[in-house]
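**Q** Would you mind keeping the following structure in view while I ask a few things?
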Amino acid sequence: TGAITLDPGYKNSGSCKSAITFLDGEEGVLRYRGYSIEDLAEKSNFLEVAYLVIFGELPTQTQIEKFENDIRKHTLVNEEMKGIIDGFPKHAHPMGILASLTCALTAFNPKVVNAECEKDMYEAVCKIMGKFLVVATWTYRKINGYPLNYYDNTMPYVDNFLQLMFKLPTGPYKVNPVVLNAIDKLFILHADHEQNCSTSTVRMVGSSHAGLFASISAGVSALWGPLHGGANQAVLEMLEEIQKDGGDANKYLAKAKDKNDPFRLMGFGHRVYKNFDPRARIIKKAADEVLAELGVDDPILKIAKDLEEMALKDEYFVARNLYPNVDFYSGIIYRALGIPTEMFTVMFAIGRLPGWVAQWKEMRVNKEPIGRPRQVYVGEPLRPFKEMNER
Ligand code: CMC
Numbered sequence: 037t038g039a040i041t042l043d044p045g046y047k048n049s050g051s052c053k054s055a056i057t058f059l060d061g062e063e064g065v066l067r068y069r070g071y072s073i074e075d076l077a078e079k080s081n082f083l084e085v086a087y088l089v090i091f092g093e094l095p096t097q098t099q100i101e102k103f104e105n106d107i108r109k110h111t112l113v114n115e116e117m118k119g120i121i122d123g124f125p126k127h128a129h130p131m132g133i134l135a136s137l138t139c140a141l142t143a144f145n146p147k148v149v150n151a152e153c154e155k156d157m158y159e160a161v162c163k164i165m166g167k168f169l170v171v172a173t174w175t176y177r178k179i180n181g182y183p184l185n186y187y188d189n190t191m192p193y194v195d196n197f198l199q200l201m202f203k204l205p206t207g208p209y210k211v212n213p214v215v216l217n218a219i220d221k222l223f224i225l226h227a228d229h230e231q232n233c234s235t236s237t238v239r240m241v242g243s244s245h246a247g248l249f250a251s252i253s254a255g256v257s258a259l260w261g262p263l264h265g266g267a268n269q270a271v272l273e274m275l276e277e278i279q280k281d282g283g284d285a286n287k288y289l290a291k292a293k294d295k296n297d298p299f300r301l302m303g304f305g306h307r308v309y310k311n312f313d314p315r316a317r318i319i320k321k322a323a324d325e326v327l328a329e330l331g332v333d334d335p336i337l338k339i340a341k342d343l344e345e346m347a348l349k350d351e352y353f354v355a356r357n358l359y360p361n362v363d364f365y366s367g368i369i370y371r372a373l374g375i376p377t378e379m380f381t382v383m384f385a386i387g388r389l390p391g392w393v394a395q396w397k398e399m400r401v402n403k404e405p406i407g408r409p410r411q412v413y414v415g416e417p418l419r420p421f422k423e424m425n426e427r
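Take the sequence shown: its letters are residues 37 to 427, numbered as in UniProt numbering.
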């Protein structure tokens, strides 16, 4: 088999060829299918971007209308899924519920998707885009003990996210355009990010020819961790902790630099971006606008600003190219928009869904081999079996 190259964390190994997302970590460039993230965030909308990421081209008016309509046809979730939701304790984390529900969808949608058949794949895309959004918001309804809301066919996709989350049984839901616009932008910025941990997981699981929903469910679990998508929740919890502890950002900066302390500054650093995270730039601007428009005055934001300013000037952070990443600002903006902290990573998952689907599809269409890394064995050499009385 020849010598094995060891690369823990795949810091230098490409796992596949992909035509979906271009990322230049040195220059801070991010493009979906050749379109800059800046242009897409400003001129497009989430559903269009989802279509672009998955199918490769920006949709025509007819294509996007059909796409939205076809998604709508798949927003009903089997009533028996509610029994599964009921089984979760109220304190369950929404990401755990979401991963389980996504996998459970397989049981109600058992058709094996043939990724190479355009019609099959298109139907599967519409199904998961519809059902995932609904069950994602149901995790929030569940942990709060609220009745579940259903998709409203008179509303667009992202508006539906808001009404599914927040509509009260007592009346219609009025969408705040500032909130809607910010959430749409956040979803766009999260839509794909090439071979990150959750996407690689989706590809890895799918490479055994496991189904689309099962693969996406694995992606949700991978995203949950605080070093990946879970960082947005961890950022807010960190800021709250600093606030409770007297608001001294400097103290936490020192903790982050102390190699004997496992604490890391959440929302700082990135495996690929070493100058800045272009998504963070766009979100920071959006966060400033939203906070001004909504008139939010939150002491947590002051701590975030202090931390950011100090870290950007600090030798430790500068030397290691540690900049605020997308999760640093997304947590702040979600909070200002009234999204509960425990739902932050679910927001990331809704945004990332098109990327996971696109990468799963590409992997299958390209007939990628099963993912099966090798290892360097460092355990015991062959030894004689030890009988029970000798152990
Ligand atoms: N606070 C303090 N020190 C840090 C941090 C941080 N947030 N991030 C990296 N470092 C240090 C690290 O200790 C190491 O120092 P040294 O060279 O002295 O040993 C050096 O910087 C390089 O770090 P690394 O862990 O080798 O870098 P990585 O590429 O393996 O990890 C990362 C990248 C994002 C996991 C890491 O920067 C981190 O843990 N950040 C905090 C969590 C976070 O914000 N994650 C969200 C990432 S962006 C969106 C997403 O992917 O979901």
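Using N, Cα and C, we set each Cβ at its ideal position, and we do this for glycine too.
Going by alpha carbons, who is nearest to residue 344 out of 193, 208, 360, 416?
**A** Nearest of 193, 208, 360, 416 to residue 344, Cα basis: 360.
**Q** In three-state DSSP terms, what is residue 350?
**A** Of the three classes helix, strand and coil, the one that applies to residue 350 here is coil, per DSSP.
**Q** Could you tell me the alpha carbon to alpha carbon distance between residue 204 and residue 66, rounded to whole angstroms?
**A** Residue 204 and residue 66: Cα-Cα distance of roughly 38 Å.
**Q** Check the C-beta distance from residue 268 over to residue 380 and give it rounded, since I have them as a contact under 8 Å.
**A** That belief holds up - the Cβ atoms of residue 268 and residue 380 are roughly 4 Å apart, short of 8 Å.
**Q** In the DSSP output, what is residue 58 paired with across the bridge?
**A** Its beta-bridge partners are 67.
**Q** What are the uninterrupted segments assigned as alpha helix (DSSP H) that are 4 or more residues long and contained completely in the stretch 154-191, given in chain order?
**A** Fully enclosed alpha helix (DSSP H) runs of 4 or longer: 154-180.
**Q** Identify whether residue 312 lies in helix, strand or coil by the three-state DSSP scheme.
**A** DSSP places residue 312 in coil when its eight states are reduced to three.
**Q** Are the CB atoms of residue 358 and residue 303 nearer to each other than 7 Å?
**A** No.
**Q** Just the C-alpha distance for residue 335 and residue 207, rounded to the nearest angstrom, thanks.
**A** Rounded to the nearest angstrom, the two C-alpha atoms are 33 Å apart.
**Q** Quick one: is the Cβ of residue 346 within less than 6 Å of any heavy atom of the ligand CMC?
**A** Incorrect: residue 346 has no Cβ contact closer than 6 Å to the ligand CMC.
**Q** Helix, strand or coil for residue 335 per DSSP?
**A** Residue 335 falls in the helix class under three-state DSSP.
**Q** Report all residues from its chain with a CB closer than 8 Å to the CB of residue 339; omit the five preceding and five following residues, and keep chain order.
**A** The residues are 275, 278, 279, 283, 285.
**Q** For residue 243 versus residue 404, is the C-beta spacing smaller than 7 Å?
**A** Yes, Cβ-Cβ distance for residue 243 and residue 404 is below 7 Å.
**Q** Shorter than 6 Å, the distance from the beta carbon of residue 48 to the closest heavy atom of the ligand CMC, or not?
**A** Result no, Cβ not under 6 Å from the ligand CMC.
**Q** Would you call the stretch 150-166 and the stretch 118-132 in contact, with 3 or more CB pairs under 8 Å?
**A** Cβ pair count under 8 Å is below three, so no.
**Q** Throw me the rounded Cβ distance for the residue 113 and residue 167 pair, which I believe falls under 8 Å.
**A** Yes, residue 113 and residue 167 are in contact; Cβ-Cβ is about 5 Å, under 8 Å.
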